[in-house]
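Participant: Numbering (the numbering used here), first residue to last: 27 to 145. Yeah, the Cβ is synthetic: ideal placement off N, Cα and C, and Gly gets one too.
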Amino acid sequence: MASIPIESLDRVKGGILGVVRKANPIFIDGQPAEPVLARADFVTLGPGGVIVRPEPVTESLDDGIIGLTLVYETPGMADEIRIDWRLFSEAVRKIEATTTDPFGGATMTLEPEKNALTW
27 MASIPIESLD RVKGGILGVV RKANPIFIDG QPAEPVLARA DFVTLGPGGV IVRPEPVTES
87 LDDGIIGLTL VYETPGMADE IRIDWRLFSE AVRKIEATTT DPFGGATMTL EPEKNALTW
């Protein structure tokens, strides 16, 4: 099984974060928005949900999971936030997306035919 060595993790995370941000703009109340914080972390799934790895490890190329955190600042509570996910391929036909805000969160599956995430 192929792997990503520890010394390549930062480059891989940065590359994925850059591609996702460029291909999938965020709109807050209809206006394009830029995050005040954007980060990518290799994560693991545990009993309590997604856990950021505290120490880097060699990651499996097939099974490694990267979590993206994008934080946006607004003057007040937004009425609508929208992303149109465009990064699908023959190998990746759906993704699971999770949103979190002060009122809770939600997880949904996005597909090429249903690619708009609005909350």
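Could you pull the start and end residues of the beta strand (DSSP E) that V69 belongs to?
Facilitator: Where V69 is concerned, the enclosing beta strand (DSSP E) stretches over 63-72.
Participant: Return the first residue and the last residue of the alpha helix (DSSP H) that L94 is part of.
Facilitator: From DSSP, L94 is part of no alpha helix (DSSP H) but of the beta strand (DSSP E) over 91-97.
Participant: Taking CB distances under 7 Å as the criterion, tell me whether V46 reaches chain D.
Facilitator: Protein chain content of the structure displayed is limited to a single chain, and chain D is not contained in it.
Participant: Is it true that the segment 44-52 meets the segment 70-85, where meeting means three or more beta-carbon pairs spaced less than 8 Å apart?
Facilitator: The segment 44-52 is not in contact with the segment 70-85.
Participant: Tell me the DSSP secondary structure of V140 in three-state form.
Facilitator: A quick correction: the sequence has Lys, not Val, at residue 140. Residue state, collapsed to three classes: strand.
Participant: If you measure between the beta carbons of I54 and I92, is that distance less than 7 Å?
Facilitator: No. Outside cutoff.
Participant: Let me make sure I understand the geometry here. Which of T70, L136, Y98, A117 has the alpha-carbon closest to that of P128?
Facilitator: Ranking T70, L136, Y98, A117 by Cα distance to P128 puts Y98 first.
Participant: Measure from the alpha carbon of L94 to the alpha carbon of each residue in E106, A64, A104, E85, then state which is nearest.
Facilitator: For L94, the nearest C-alpha among the options comes from A64.
Participant: With a cut-off of 8 Å on the beta carbons, I'd call V69 and V83 a contact; round off their distance for me.
Facilitator: That belief does not hold up - the Cβ atoms of V69 and V83 are roughly 12 Å apart, past 8 Å.
Participant: Starting from F129, follow its DSSP beta bridges and name the residues at the other end.
Facilitator: DSSP lists no partner for F129.
Participant: Which residues mark the beginning and the end of the beta strand (DSSP E) in which V118 is found?
Facilitator: No beta strand (DSSP E) holds V118; DSSP gives it neither H nor E.
Participant: Looking at the unbroken alpha helix (DSSP H) that takes in V46, where does it start and where does it end?
Facilitator: V46 -> alpha helix (DSSP H) spans 35-49.
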